[in-house]
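Notes for the one structure printed next.
Chains as they are written, first to last, in the working numbering: chain A, 10 to 209; chain B, 6 to 169.
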């Protein structure tokens, strides 16, 4: 079979399916409402996470400000101030990263769309991978000083262990998300880009 | 969206619904998945429609949306289960069984290609020129030709295996 015939044969098979399997009936009024509720789950989860973390940080600021003002021990006052700064740092980091949005222009070329999507996913992955440095470790000095102001007792060990367990849990969950969700996704996207970049 | 735009959108979807469904069927694992993907594509067309510049070729614009949404769909971390909505209704239409069989064989072989190749061959089968394919995918016309040659070889091997 020559190339021309091969092409025509393939196109004929493709185009033979010229009746729709299903007829689509559209109700335009509902489309906009649907659009709002159907963000990709992945992006929706990220937005939800950012809102939740920023919300928690904003609640913590007045609480620690109140502590700093009312608690007598100077070390606890310093600890509270450090925790306010920590909450501000978390808000800053999440605000910064939420400005990094995926390319919403679905009508751009496939390659451009892939590259932009990859950059977005890479940024989000980095945020989770470095959670220890921007989210967990900066909280420690404030928490230690807050507790130290009241002196260390047998309960302090329990407090310390509880905080450590929580931090380890948060760290491991984030690394799991990097490994199980972000890395495979990045491999897929990078492979798709590579296929389009490969030179003939 | 104004009434005129809305009418133009509905007309666009009516004219292209076979094309949308056919392409989505390549990326979807089953009929339910396909409906979800078609829905996602139509929602994205609806979303992008008001900003469509008349200067651009509507087909190029439409193919880009179908393929980019399908790409995101096939690489999404976990495809979300779409909420049951009544903005789209699918009515079953009977088809010739013989035609389905041939198409399914081709679909299966295209499904085995990687993402870039899949997009290119779909556009080729849709009878777009190399220039148009290059513009949609974002690669040079020459590279489209090279890719198509390779893909056709793969498809021919796959189809002949299926026949035997």
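For each residue, glycine too, the CB sits at the ideal point set by N, CA and C.
Closer than 9 Å to chain A by CB, residue 162(B): By one-based count along the second chain, residue 162(B) stands at place 157. With 9 Å as the cut-off, residue 162(B) does not count as an interface residue toward chain A.
Residues near residue 156(A) by beta carbon distance below 7 Å, same chain, minus five either side: For the purposes of this step, residue 156(A) is identified with residue 147 of the first chain, where counting begins at 1. Spatial neighbours of residue 156(A) in its own chain (CB-CB distance under 7 Å, excluding positions within 5 residues in sequence) are listed in chain order as 165 and 168.
Amino acids of chain B, ordered along the chain, whose beta-carbon sits closer than 8 Å to that of residue 140(A): For the purposes of this step, residue 140(A) is taken as residue 131 along the first chain, with counting starting at 1. In chain order: nothing, as chain B lies at least about 18 Å away.
Min CB distance residue 120(A) to chain B below 9 Å: Walking along the first chain from the start, residue 120(A) turns up at place 111. Yes, its Cβ sits closer than 9 Å to a Cβ of chain B.
Contacts that residue 140(B) makes with chain A (C-beta to C-beta distance below 9 Å): Taking the second chain and counting its residues from 1, the one referred to as residue 140(B) is at position 135. By Cβ distance, chain A contributes 118.
Backbone CA spacing between residue 10(B) and residue 66(B) [nearest angstrom]: What you label residue 10(B) is simply residue 5 of the second chain in a count that begins at 1. What you label residue 66(B) is simply residue 61 of the second chain in a count that begins at 1. If I take the Cα positions, the gap works out to 16 Å.
Residues of the stretch 59 to 76 of chain A whose Cβ lies closer than 9 Å to any Cβ of chain B, in chain order: So nothing in the stretch comes that close.
Residue 88(A) versus residue 114(A) - alpha carbon distance: For the purposes of this step, residue 88(A) is taken as the residue at position 79 of the first chain. For the purposes of this step, residue 114(A) is taken as the residue at position 105 of the first chain. Linking residue 88(A) to residue 114(A) through their CA atoms gives a straight-line distance of about 46 Å.
CA nearest to the CA of residue 46(B), picked from 146(B), 28(B) and 142(B): Locating residue 46(B) in the second chain gives position 41, counting from the first residue. 28(B) is the residue among 146(B), 28(B) and 142(B) whose C-alpha sits nearest the C-alpha of residue 46(B).
Where residue 14(B) falls, given that 16 or more other Cβ within 10 Å makes a residue buried: Locating residue 14(B) in the second chain gives position 9, where the first residue counts as 1. It is buried - the Cβ of residue 14(B) has at least 16 other Cβ atoms within 10 Å.
Closest by C-alpha distance to residue 210(A), when choosing among 152(A), 60(A), 128(A) and 187(A): The requested residue 210(A) is not part of the displayed model; chain A covers only 10 to 209.
The stretch 182 to 194 of chain A: positions lying closer than 7 Å to chain B by Cβ: Identification of residues in the stretch 182 to 194 of chain A having a C-beta nearer than 7 Å to some C-beta of chain B yields 190 and 194, given in sequence order.
8 Å CB neighbourhood of residue 110(A) in its chain, flanking five on each side removed: For the purposes of this step, residue 110(A) is taken as residue 101 along the first chain, with counting starting at 1. The residues are 129.
Buried or exposed (CB count within 10 angstroms, at least 16 for buried), residue 21(B): Taking the first residue of the second chain as 1, we reach residue 21(B) at position 16. Per the 10 Å Cβ criterion, buried.
Local conformation of residue 195(A) per DSSP, three classes: Position 186 of the first chain holds residue 195(A). If DSSP states are grouped into helix, strand and coil, residue 195(A) belongs with the helices.
Residue closest to residue 116(A), alpha-carbon to alpha-carbon, out of 41(B), 106(B), 18(B) and 140(B): Within the first chain, residue 116(A) is the residue found at index 107, counting from 1. Closest in C-alpha terms to residue 116(A), from the list 41(B), 106(B), 18(B) and 140(B), comes 140(B).
Straight-line Cα distance separating residue 171(A) from residue 114(B): For this step, residue 114(B) is matched to residue 109 along the second chain. For this step, residue 171(A) is matched to residue 162 along the first chain. The straight-line gap from Cα to Cα measures roughly 55 Å.
C-beta neighbour in chain B for residue 144(A), strict 9 Å: Taking the first chain and counting its residues from 1, one reaches residue 144(A) at position 135. No - not a single Cβ of chain B is within 9 Å of the one on residue 144(A).
CB contact below 9 Å: residue 129(A) versus chain B: Within the first chain, residue 129(A) is the residue found at index 120, counting from 1. It does not: the Cβ of residue 129(A) has no partner Cβ on chain B nearer than 9 Å.
First and last residue of the uninterrupted alpha helix (DSSP H) at residue 66(B): Translated into positions along the second chain, residue 66(B) becomes position 61. For residue 66(B), the enclosing alpha helix (DSSP H) stretches over residues 63 to 80.
Contact between the stretch 125 to 132 of chain B and the stretch 144 to 158 of chain B (3+ Cβ pairs under 8 Å): Because the criterion of three Cβ pairs below 8 Å is met, the stretch 125 to 132 of chain B and the stretch 144 to 158 of chain B touch.
CB contact below 9 Å: residue 107(B) versus chain A: As a first step, residue 107(B) is located in the second chain; it is residue number 102 there, counting from the start. Yes, its Cβ sits closer than 9 Å to a Cβ of chain A.
Span of the alpha helix (DSSP H), counted from its first residue to its last, around residue 164(A): To locate residue 164(A), count along the first chain from 1; it is residue 155. Per DSSP, residue 164(A) belongs to the alpha helix (DSSP H) from 163 to 186.
Residue environment, residue 129(B), which counts as buried when at least 16 other CB atoms sit within 10 Å: What you label residue 129(B) is simply residue 124 of the second chain in a count that begins at 1. Burial is judged here by how many other beta carbons sit within 10 angstroms of a residue's own beta carbon; residue 129(B) has at least 16 and is buried.
Spatial neighbours of residue 99(A) in its chain, beta-carbon cut-off 7 Å, leaving aside the 5 residues before and after: The sequence position of residue 99(A) within the first chain is 90, counting from 1. Residues 62, 66 and 144 of the same chain have their beta carbon placed closer than 7 Å to that of residue 99(A), with the five preceding and five following residues left out of the count.
8 Å Cβ cut-off: residues of chain B touching residue 204(A): Taking the first residue of the first chain as 1, we reach residue 204(A) at position 195. Near residue 204(A) (Cβ distances below 8 Å), the residues of chain B are 119, 120, 121 and 122.
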